[in-house]
Amino acid sequence: MHDNENKRRSRLFNLKVWGENACFTRPEMKVERVSYDAMTPSAARGILEAIHWKPAIKWHITQIDVLNPIKWTSVRRNEVGIKMSPSSKQLFIEDQRQQRAGLFLRDVAYVIHAFFRMTDKAGPDDNLAKHEEMFMRRAKKGQCFHRPCLGCREFAADFELLDDKDLPQTITDTKDLGWMLYDIDFNNGEPKPMFFRAYLENGSIVVPPLGSSEVRK
Amino acid sequence: MILQSLAQYYKDRLGVPDGYQKKEIPFIIVLDTQGRFVDLLDTRDTEGRIKRARVFLVPREVKRSGSKAWEKANLLWDTPAYVVGISHKESENAARKHESFKSRFAQTFHDPSLDPGIAAIHAFLTNGQFASLQAHSSWPDVLDTDGYITFKLEGDECIVSERDAVKDILQRLQVLNNDMVKGICLVSGEEDEVARLHNAIKGVRGTLSTGGNIVSFKLPAFESFGKAQGYNAPVGKRAEFAYITALNSLLDKDSRQKIQVGDATTIFWAEKAHQMEDWFADFFGEPPKGESTQDSAAIKALYEAPVTGAAGAVLLDDDTRFYVLGLAPNAARIAVRFWYQGSVGEVARNIKQHFDDLAIVHGPNQPTHLSLFRLLVSTAIQGKSENIQPNLAGEFMKTILAGIPYPNTLLSSAIRRCRAEREVPYPRAALIKAVLARQARFYRREEKEVGMALDKDYLNIGYRLGRLFAVLEKIQEEANPGINATIRDRFYGSASGTPITAFPHLMKLKNHHLSKLENKGRAVNFERSIGEIMAGIGDIPTHLSLQDQGRFAVGYYHQRQDFFTKKEQADMEGE
Chain A
137 MHDNENKRRS
147 RLFNLKVWGE
157 NACFTRPEMK
167 VERVSYDAMT
177 PSAARGILEA
187 IHWKPAIKWH
197 ITQIDVLNPI
207 KWTSVRRNEV
217 GIKMSPSSKQ
227 LFIEDQRQQR
237 AGLFLRDVAY
247 VIHAFFRMTD
257 KAGPDDNLAK
267 HEEMFMRRAK
277 KGQCFHRPCL
287 GCREFAADFE
297 LLDDKDLPQT
307 ITDTKDLGWM
317 LYDIDFNNGE
327 PKPMFFRAYL
337 ENGSIVVPPL
347 GSSEVRK
Chain B
11 MILQSLAQYY
21 KDRLGVPDGY
31 QKKEIPFIIV
41 LDTQGRFVDL
51 LDTRDTEGRI
61 KRARVFLVPR
71 EVKRSGSKAW
81 EKANLLWDTP
91 AYVVGISHKE
101 SENAARKHES
111 FKSRFAQTFH
121 DPSLDPGIAA
131 IHAFLTNGQF
141 ASLQAHSSWP
151 DVLDTDGYIT
161 FKLEGDECIV
171 SERDAVKDIL
181 QRLQVLNNDM
191 VKGICLVSGE
201 EDEVARLHNA
211 IKGVRGTLST
221 GGNIVSFKLP
231 AFESFGKAQG
241 YNAPVGKRAE
251 FAYITALNSL
261 LDKDSRQKIQ
271 VGDATTIFWA
281 EKAHQMEDWF
291 ADFFGEPPKG
301 ESTQDSAAIK
311 ALYEAPVTGA
321 AGAVLLDDDT
331 RFYVLGLAPN
341 AARIAVRFWY
351 QGSVGEVARN
361 IKQHFDDLAI
371 VHGPNQPTHL
381 SLFRLLVSTA
391 IQGKSENIQP
401 NLAGEFMKTI
411 LAGIPYPNTL
421 LSSAIRRCRA
431 EREVPYPRAA
441 LIKAVLARQA
451 RFYRREEKEV
461 GMALDKDYLN
471 IGYRLGRLFA
481 VLEKIQEEAN
491 PGINATIRDR
501 FYGSASGTPI
511 TAFPHLMKLK
521 NHHLSKLENK
531 GRAVNFERSI
541 GEIMAGIGDI
551 PTHLSLQDQG
561 RFAVGYYHQR
571 QDFFTKKEQA
581 DMEGE
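In C-alpha cells form, the structure reads like this:
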C-alpha cells in the first residue's frame, strides 16, 4: 500500500510566484472585493495548473511561503453587473457597467510548495517521472497553457521554479488569518466550498492535506 | 478576519441573546394578566432638542422592503399599523399588516399559556378591542410619530420580550427550525444554517436610510457555481447575526467608536474594553465645538505618560488587539475601504510617530496637534470637506496606523493648493513637512530632511529658495507698509515651480524695495541675511522637483515663522 502510494505521489516542487497586485477574494466580500491576507491553496493550485495539468494528475499544496510584507491598496474599477445567458446573442457592456471598490494586495511574492498525485484517469502511458519532467521543463522555460494569475485574471503572475537549496527568506510575521477557503469540492453533485484555519507562522502557511480533519466541508 | 473579529466583538462585548437585538422603542402598552389594556407608556427622554426612546432587547428585526412589506411583521414589537392595525399612513395596508403581526405571533407561540406575558398579549390581540388604548392621552403621539410599540406586563420591570421564559422559547425555536440549508460557516468554521440574506447595516454615511450590506449577491454577475444569494458565501445565521449586531452597535449614532474620515465611516474596537477606544476618536477627530483647541486628554496621555510613568507608558507596550475598519457606500452596498488590525501598543506608537512627524513651528494660537480633518481639508479646493479627494482620507488613515509613508497624492495635492492659493498655512506646512520627513525615514535616506523649525544649515536648493522668497517678501512688506498684494500673490507659483523665471526679476525688485526702507540698518540686515541664504545657492535651477517644491513651501513657512517669533522676542525684550 505504502509502496503504491509512493508510486502515485510526485516529488515536492517549489515554485516562486510574484506580481504587482493580487486579490485572493474572500467569498463573503467578492462583490466589493476584499482579498485574504495571503494566497489561498486554490489560487496556488490554479497557478500550477496553468503551467502543467492533465486529467492524469491532481495538484496538492502543502505550504505557502509569504516573501513580501503584506501591503494593501484600495482601488475602484469598472466591472459588469450581469452574466450573459446562453440564449442571449450579446451583452452591451456600457449599459451594465458598474463601479466597484476593491481592497487588493500590492507587490506580492510567494513560494508554493506542492506535489501532484496520479489520478484514476491515468492511462498506461502516464507515469510519475514523465509528468514530473514535463512540469519541470515547462516551468523552467516559462511555458504555460494560459497566463497564471494571482487570484484575479487581471493580476498576472510571474513564476520561477526553485531548487530545494535556495529557498528565499520569508517575512517573520506570525498571526492567525482566520478561516480561509481551501478549495471547492466538486465530488458530490453540488459544488461545496471547503475551509481551513490558516495560520501564518514565521511567514509560512502550512496547508493541511485534503481529507484531513482540519479541512472542513 | 473582518467578520470574525466583529463576531468576536459581539460575543465578548455585547452579549445580546441569540435572535435578539437592541432597539429604541418609544411606546409600551401595559397589559394585565387577562390581556386588558392598563396603560400606554412613553419611554422617550428629551435629550437636547431631540427626543430619544429607551433601548430594549427585542426579537431580531425582519428585513422588509417593497410591495410585500406588509407580509413581514416583527415579533412582539412593531409600528402601530402592525401591532393594532391603526395608522395615519398607508391606511389600506394597516389591516393586512395587523393580520401578519397576529399570524407571526400565533405561529411562533403555539401555546400562549407557556408564559403569562405571551398569554396576555394573545388575549389582547384576540379580543381586538383597542378603544381604551385609543382613548389614552399619548395615543395621538403614537400615530404622529408612527413609533414602535411593544408590550409589558403590569407589575413587570422588563418588557415581555425580555422575560426569561420568552427568551427560552425563542431560542428553542431557532434550534427546532429544520427547513434550512446547512453548511460550514466561513466565519466560525462550524456547521450552521447558512444565512440566505444578511440583515441591513445602518449608519454608514451615504448609504440609504434602510441600510446597506457588505455581504450581498443581488445581481447574477456575483453568483458562482449556480448558487443563489448568501449561499455563495456560507455565513452561518449565528455568525451573521453576531457580526451585523456588532457593526450596527459600533455604527450607532451614539457610538463613541465611530469617526468620519473623508468619505469613509470609520469604526474601531479593541478585543476587550480598553481606554484606547475612548481616546482614538480624540486623536483623529475635531475637538468638540466650544472646547479649547488645546490638546485633548488622549494626546496628553500619549505624550506625557512616558515621562511620568503613568498609563501612557503602559499604552505603548500594550498588546491588546485593536481593529480599525473603514466603510464607504457604493450604491446599496457597503465597500470596505480599509482594514487594520494591530495591537494597542502599535497603534499608540504609530499615532505618536504621526504627531511627531507633523510637529512644526506655529503661532501661539494654533493647536499643537492638528486633527485629521484639518489636515485633509487643507489639501482641498476652497478648504471644503466635500472637495477632499475620494480615497485619500482612507489611505491617509491607513498609512498613519501602519506607520508607513503617507500617500503620494497627499504631497502633490498639498503643493498644488499652495501654488493655487499662493499661501502656505500652518496645516499645509505641517503636512508637507510630515510627508517629507516620513519618506526620508522610511527609505533610510542619508541626507538631512526638513526639520521642525528654521534650519540655517540646511542646504537643499528648494528650502533655500523658499527662505529667500520669504525674505524678499518681508523686505517688500516693510518697504510698503500696509500693502495689499505682495510678490507672493504674483510669484509664488513660478518661484516654487520654475525659479529661474521668477528670482532674477525678484532680486531686481528687492533693490528698489531696499532703497525705500528708511531704516538703513534694517536694510543692511536684510542684505546680510540674503547673502547668507544665497551662499548656499549656486545657479538658480530651471525647475524644482515635487519634493523640492515641498521643501520650498516648508522653507518659506519656516522663514516667515522665524520673522514672527523674532519680533515677539524683540517686543518682550523692549518691555
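Residue numbers (the working numbering), protein chains in the order written: chain A, 137 to 353; chain B, 11 to 585. Positions of the beta carbon are idealized from the N, C-alpha and C atoms, including for glycine.
From the beta carbon of residue i, is the nearest beta carbon of chain B less than 8 angstroms away?
{"i": "G155/A", "result": "no"}
{"i": "I206/A", "result": "no"}
{"i": "E164/A", "result": "yes"}
{"i": "K143/A", "result": "no"}
{"i": "P177/A", "result": "no"}
{"i": "R352/A", "result": "yes"}
{"i": "F331/A", "result": "yes"}
With a cut-off of 8 angstroms on the beta carbons, I'd call residue i and residue j a contact; round off their distance for me.
{"i": "L312/B", "j": "A358/B", "result": "6 angstroms"}
{"i": "L13/B", "j": "Y350/B", "result": "With 8 angstroms as the limit, L13/B and Y350/B do not qualify as a contact, their Cβ atoms being about 15 angstroms apart."}
{"i": "V68/B", "j": "L51/B", "result": "At roughly 15 angstroms, the Cβ-Cβ gap does not stay under 8 angstroms, so V68/B and L51/B are not in contact."}
{"i": "T275/B", "j": "L337/B", "result": "5 angstroms"}
{"i": "E168/A", "j": "A345/B", "result": "4 angstroms"}
Anyone know if the C-beta pair for residue i and residue j falls short of 8 angstroms?
{"i": "V225/B", "j": "V245/B", "result": "yes"}
{"i": "L297/A", "j": "V247/A", "result": "no"}
{"i": "A179/A", "j": "G287/A", "result": "yes"}
{"i": "I206/A", "j": "L241/A", "result": "yes"}
{"i": "A158/A", "j": "F281/A", "result": "no"}
{"i": "F278/B", "j": "Q270/B", "result": "no"}
{"i": "F111/B", "j": "A79/B", "result": "no"}
{"i": "L336/A", "j": "T310/A", "result": "yes"}
{"i": "L153/B", "j": "H108/B", "result": "no"}
{"i": "A308/B", "j": "D329/B", "result": "no"}
{"i": "Q226/A", "j": "V343/A", "result": "no"}
{"i": "R432/B", "j": "R384/B", "result": "no"}
{"i": "F501/B", "j": "A489/B", "result": "no"}
Any beta-carbon of chain A closer than 8 angstroms to the one on residue i?
{"i": "F232/B", "result": "yes"}
{"i": "F227/B", "result": "yes"}
{"i": "E356/B", "result": "no"}
{"i": "P417/B", "result": "no"}
{"i": "Q31/B", "result": "no"}
{"i": "A243/B", "result": "yes"}
{"i": "N401/B", "result": "yes"}
{"i": "F452/B", "result": "no"}
For residue i, return the contacting residues in chain B, with the cut-off set at a CB-CB distance below 7 angstroms.
{"i": "K219/A", "result": "P230, A231"}
Near residue i, which residues of its chain fall below 6 angstroms by C-beta distance, leaving aside the five closest residues on each side in sequence?
{"i": "F119/B", "result": "I128"}
{"i": "E585/B", "result": "Low confidence applies to E585/B: its pLDDT is 40, below 50, so where it sits in the model is not reliable, and the reading given next is rough at best. Here the set comprises nothing."}
{"i": "A334/A", "result": "L313, M316, I341"}
{"i": "Q559/B", "result": "I425, S506"}
{"i": "D156/B", "result": "T89"}
{"i": "S15/B", "result": "Y333"}
Between which residues of its own chain and residue i is the CB-CB distance below 8 angstroms, once the five residues before and five after are set aside?
{"i": "A130/B", "result": "L41, D42, T43, Q44, G45, F161, L163, V170"}
{"i": "S75/B", "result": "T220"}
{"i": "T255/A", "result": "P191, A192, I193, K194"}
So which residues on chain A does residue i lean against when the C-beta distance must stay under 7 angstroms?
{"i": "R343/B", "result": "V167, E168"}
{"i": "I547/B", "result": "None at all; the shortest Cβ gap to chain A is about 38 angstroms."}
Since residue i meets chain B, which of its residues come closer than 8 angstroms, beta carbon to beta carbon?
{"i": "L336/A", "result": "What L336/A touches in chain B: nothing, since even the nearest Cβ is about 11 angstroms away."}
Less than 7 angstroms between C-beta atoms, sequence neighbours within five positions excluded: which residues of the same chain meet that for residue i?
{"i": "P551/B", "result": "I471, P509, I510"}
{"i": "R343/B", "result": "G222, N223, S226"}
{"i": "S142/B", "result": "F47"}
{"i": "L260/B", "result": "Q267, K268, I277, W279"}
{"i": "Q363/B", "result": "G413"}
{"i": "A243/B", "result": "L196, V225"}
Kindly indicate if chain D contains any beta-carbon less than 8 angstroms away from that of residue i.
{"i": "G199/B", "result": "Protein chains A and B are contained in the structure displayed, whereas chain D is not."}
Along chain B, in chain order, which residues have C-beta atoms closer than 9 angstroms to that of residue i?
{"i": "V343/A", "result": "By Cβ distance, chain B contributes nothing, its closest Cβ being about 16 angstroms from V343/A, past 9 angstroms."}
{"i": "V216/A", "result": "A231"}
Taking C-beta pairs closer than 8 angstroms, name the residues in chain A that residue i reaches, listed in chain order.
{"i": "V346/B", "result": "M165, E168, V170, A237, L239"}
{"i": "Q14/B", "result": "G314, W315"}
{"i": "G404/B", "result": "S210"}
For a test of your reading of the model: does the CB of residue i fall under 7 angstroms from any non-hydrogen atom of the ligand NAD? Yes or no.
{"i": "H132/B", "result": "In the structure shown, the ligand NAD is absent, as is every other ligand, since no ligand is present at all."}
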